[in-house]
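Per my numbering, the very first residue in the sequence shown carries number 765; after that it's consecutive. Backbone N, C-alpha and C define an ideal beta-carbon position, used for all residues, glycine too.
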Amino acid sequence: MSKIQFFSGENIPLEMHKVRIVQKLSLPPIEDRLRCIQEAGNNTFLLNNRNIFMDMLTDSGVNAMSDRQQAAMLIADDSYAGSETFTRLQKKLKEVFGTEYFLPTHQGRACENIISQAFVTPGSIVPMNYHFTTTKAHIVLNGGSVEEIIIKEGTDVTSTYPFKGNMDIQKLKDVIQCKGKENIAFVRMEAGTNLIGGQPFSLQNLKEVRKVCNKNNLLLVLDASLLADNLYFLKEREEKCKSKSIREITMELASLCDIIYFSARKLGFVRGGGICTNNESLYRKMREFVTLYEGFLTYGGMSVREMEALTVGLEETMDEEVINQGPEFISYMVSELDKKGVPVVTPAGGLGCHIDATRFVNHIPQTEYPAGALAVALYIASGVRGMERGTMSEQRDTDGKEVLSNMELLRLAMPRRVFTLSQV
């Protein structure tokens, strides 16, 4: 993204797009907001959109599409089998990731279901940099368990380490040695690690994970849902990536992984998802679950119009001026809040701005959901809907006991190309 710099040295992000269709917003009076949140049981998920000023709950499926994406939807081939739309999407994925095989799904969690059904067995373990709620749930549902082995800086909200999504390589080796490589279903890396503030991993770290997987004959699975943000940070923060194009970084990153899956609601800005691989045997092992749960192999629960838009969206993801917009806006928001003394996760990540509820409302014990309480207070005060990312988002133990989260965050997601800088 291009930047404007004032004589004072201050930078502000510059949007490299123009707005052609708008949607009217309204800001209900504070008395109405108080009533609405009470009627919703103090749960921001249950608020009706008409009572919200700025919806920053998520960036999933609510990003603005481009004119080219909209235009592409008009040429969709809705054949049940042998669709040209599928062929075009498969070709684009091969161009972007270098992968031969593609399984479409209706969204990211469907990919997790299929991968877990195919590879997770009772008693098996999935080491990962950090869990996502649905990922962990699918693994547990199939009898497996999760080992989180993120670096120590990952859950330190005040750390300025640039790649807080990195996996701890020594811990990975220790898990394999302790549990036995035969009990490891696969190793999972999540790009733009969601629950710790949209924090990226480095390309070097992924290479080191790949070496460990090679040594132990283990599969490396990449959750690429937030890959666009991670690509931006690789080019901005990793020295060896600064001279490379986004396309070159993407191809190098993808070549390290056995399976890549994604929610297209985030990557590509459409409603859908998919699984990519170069391994035919892995492809065959997973594809039976697509027809069982999703649909035929050439649409997999996705609308063909969305598939055409995804083909364009993936190409646009290779454009640095497209993927820069979100992280630059988020960085600006984090910087401004930090100046005003609001405790935020640093450095600014992707996905959204994350407020540290533990410090913001330190009088509320963790057992009383500080991040959830802060989300309610923010809505009452401003009409902005955020999302609790703390203990309320954690899966309870099998005996029903609460699992306290490592972090208590209020996420203010940044839907791409939706809000203006003045709103931020």
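Sorted by chain position, which residues of the same chain lie with C-beta nearer than 6 Å to residue i's C-beta, five sequence neighbours on each side aside?
| i | result |
| --- | --- |
| Val921 | Val1109 and Asp1120 |
| Asn994 | Ala955, Gly956 and Pro964 |
| Ala1028 | Val1034, Gly1036, Gly1037 and Leu1074 |
Residue range of the alpha helix (DSSP H) that residue i falls in?
| i | result |
| --- | --- |
| Pro1091 | Gln1089 to Lys1103 |
| Glu1044 | Glu1044 to Tyr1057 |
| Leu967 | Leu967 to Asn980 |
| Ile1144 | Pro1134 to Ser1146 |
| Asn877 | Gly872 to Phe883 |
| Asn1126 | Here Asn1126 belongs to no alpha helix (DSSP H), and DSSP marks it neither H nor E. |
| Ile794 | Ile794 to Glu803 |
| Tyr925 | Segment: none, Tyr925 is in no alpha helix (DSSP H) and carries neither H nor E. |
Count the other C-beta atoms from every protein chain shown that fall within 10 angstroms of the C-beta of residue i, then say buried if there are 16 or more, exposed otherwise.
| i | result |
| --- | --- |
| Cys1227 | The displayed coordinates of the chain run from 765 to 1188. Any statement about residue 1227 would go beyond what the structure contains. |
| Tyr844 | exposed |
| Asp819 | buried |
| Phe1033 | buried |
| Pro886 | exposed |
| Gly1064 | buried |
| Cys800 | buried |
| Pro1129 | exposed |
| Phe770 | exposed |
| Asn1192 | The structure shown does not extend to residue 1192, since the chain is modelled only from 765 through 1188, so no value can be given for it. |
| Glu1100 | exposed |
| Asn1126 | exposed |
| Glu1002 | buried |
Enumerate in chain order the residues of its own chain whose CB-to-CB distance from residue i is below 8 Å, with the five nearest sequence positions on each side excluded.
| i | result |
| --- | --- |
| Glu848 | Asp841 |
| Gln854 | Phe866 |
From the DSSP secondary-structure annotation, give me the bridge partner or partners of residue i.
| i | result |
| --- | --- |
| Cys1040 | Phe866 and Ile1024 |
| Asp1120 | Leu1173 |
| Ser909 | Ile889 |
| Thr957 | Gln963 |
| Leu986 | Met953 and Ile1024 |
| Ile914 | Met931 |
Compute every distance between the C-beta of residue i and the non-hydrogen atoms of the ligand FMN, then say whether any falls below 8 Å.
| i | result |
| --- | --- |
| Thr1062 | No copy of the ligand FMN occurs in the structure displayed, which carries no ligand at all. |
Quick one: residues in its chain with C-beta nearer than 7 Å to the C-beta of residue i, no 5 flanking neighbours on either side, listed in chain order?
| i | result |
| --- | --- |
| Arg1011 | Met1082 |
| Gln834 | none |
| Glu912 | Met892, Tyr894 and His895 |
| Arg1149 | Thr808, Leu811, Ile816, Asp819, Met820, Leu821 and Tyr1143 |
| Arg1069 | Met837 and Ala840 |
| Met765 | Legend: pLDDT at Met765 = 47, less than 50; position of this residue unreliable, no value from coordinates given. |
| Glu972 | Ile933 |
The beta strand (DSSP E) with residue i in it runs from where to where?
| i | result |
| --- | --- |
| Ile839 | That residue, Ile839, is in no beta strand (DSSP E); it is neither H nor E in DSSP. |
| Ile1153 | Just to set this straight, residue 1153 is Arg in the shown sequence, not Ile. That run of the beta strand (DSSP E) goes Met1151 to Arg1153. |
| Asn813 | It is not in any beta strand (DSSP E) - Asn813 carries neither H nor E in the DSSP assignment. |
| Asn775 | Asn775 to Pro777 |
Is the stretch 889-905 touching the stretch 955-962 in the sense that three or more CB pairs, one from each, lie closer than 8 Å?
With the rule of 3 Cβ pairs closer than 8 Å, the stretch 955-962 counts as touching the stretch 889-905.
Taking contact to mean at least 3 C-beta pairs separated by less than 8 Å, is the stretch 1116-1133 in contact with the stretch 1169-1181?
The answer is yes - the stretch 1169-1181 touches the stretch 1116-1133, with three or more Cβ pairs under 8 Å.
Do the stretch 1035-1044 and the stretch 870-881 make contact, defined as three or more Cβ pairs closer than 8 Å?
Flag = yes, the stretch 1035-1044 and the stretch 870-881 touch.
Touch test, the stretch 928-945 against the stretch 1086-1098, Cβ-Cβ under 8 Å, three pairs minimum
The stretch 928-945, when compared against the stretch 1086-1098, does not touch it at the 8 Å Cβ threshold.
Are the stretch 1122-1142 and the stretch 774-787 in contact at 8 Å, needing three or more beta carbon pairs?
The stretch 1122-1142 is not in contact with the stretch 774-787.
The stretch 987-1004 / the stretch 1098-1114 touching (three or more Cβ pairs under 8 Å):
These segments touch.
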